[in-house]
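Everything in the sequence shown is counted per this note's numbering, starting at 22 for the first residue and increasing by one. Scroll down for the structure; my scribbles are underneath it.
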Amino acid sequence: MSELLGRIRRSDKVLYFCGWTHLFLLCLFLLAAPWDDRLVTNINPWIKPMKFALSITIYSWTVALLLGMLPDIGRARGLIRWGVAGTMTGEVLLIALQAARGVPSHFNVQTPFDAQVFGLMGLLILVNTLLGALLLFEFLWQEVSHPRPVVMGVRLALFVFLLASLEGMIIVLNQAHSVGGPDGGPGLPFLDWSTQYGDLRVAHAWGLHSLQALPLAAHLVSRRLGGRPLAIQLGAVAAVGLFWIGVFLFLFNRAMTGRPLITL
């Protein structure tokens with residue numbers, strides 16, 4: 022683990038410390054939760070900030086590693102580095118603000134202030150999505166000095182990540198993450214994914230975390246099949262990518278037809 026953290030730090034110090042900042046925030050939210058007996062959409066208000074802080078820690082460190090794979094990309098590196106750190110920190114702080122106020126952060130337009138918070142959150146996510154598109158462009162345009170299967174895995178991961186980001190826009194247009202019933206019903210522990218209705222967050226999470234899964238799978242393919250023809254290695258990475266996309270589409274269709282991932 023220390024070797025991995027050292028590599029992340031060498032890849033990008035800003036995103037390295039951004040990850041640690043969100044890990045610290047996660048600890049604060051964990052400490053706050055037991056002392057808060059309020060409910061927001063039927064769960065402890067600090068659950069959502071916890072989930073976002075953990076996810077952003079992983080995301081920040083992942084983007085740092087991806088930037089470390091690229092050659093000199095000039096100002097684009099700083100734009101991605103500071104853009105991701107700024108948008109993600111702003112996002113989790115706004116979610117924590119609404120948690121402290123005891124009101125929902127998402128789809129909350131009950132007051133002008135709440136509507137402005139939700140609108141700003143949407144703007145931050147949009148900027149982050151555009152930064153993801155810029156990162157994909159750099160991986161398509163630049164000569165990356167890593168094994169081709171690994172580069173292919175990163176490109177596929179960024180494509181699926183953007184696909185999941187677009188699905189997030191569908192969630193916003195739906196003005197709820199549940200399909201077939203209201204938000205706030207029974208859900209899986211901690212994750213809070215609905216066990217009664219379709220939940221668009223399942224496909225969203227699956228797609229976003231392709232950013233970790235697909236490069237890792239590609240790295241394993243490169244190591245295990247390194248002695249095989251390049252076509253076989255690339256084919257294996259493509260198969261994993263198609264599997265990930267297939268599961269994403271399956272989960273999205275299941276949610277859109279009002280069916281939960283798991284019924285309890």
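A virtual CB, placed ideally from N, CA and C, is assigned to each residue, including glycine. Predicted model, so just to flag it, every value in this text is computed and none were measured.
Distance, residue j Cα to residue i Cα
i	j	result
residue 62	residue 119	12 Å
residue 70	residue 248	45 Å
residue 137	residue 117	15 Å
residue 196	residue 277	13 Å
residue 83	residue 232	7 Å
residue 179	residue 280	28 Å
residue 275	residue 95	43 Å
residue 87	residue 175	8 Å
residue 160	residue 172	8 Å
residue 235	residue 55	36 Å
residue 142	residue 262	30 Å
Residue closest to residue i, alpha-carbon to alpha-carbon, out of the options
i	options	result
residue 39	104, 279, 213	104
residue 242	233, 258, 230, 250	258
residue 210	64, 44, 34	64
residue 44	27, 81, 33, 174	81
residue 146	113, 174, 165, 133	113
residue 152	169, 89, 124, 97	97
residue 283	219, 269, 235, 266	219
residue 165	41, 203, 92	92
residue 139	110, 208, 193	193
residue 155	126, 144, 102	102
Sheet register partners of residue i (DSSP bridge)
i	result
residue 130	BP columns for residue 130 are empty, so no partner.
residue 84	Residue 84 is not bridged to any residue.
residue 220	199
residue 208	215
residue 61	64
Assigned exposure category for residue i - 16 Cβ within 10 Å defines buried
i	result
residue 130	exposed
residue 29	buried
residue 67	buried
residue 265	buried
residue 252	exposed
residue 125	buried
Assess, as a yes-or-no matter, whether the region 181-189 is touched by the region 214-226 under the definition of 3 or more beta carbon pairs within less than 8 Å.
yes
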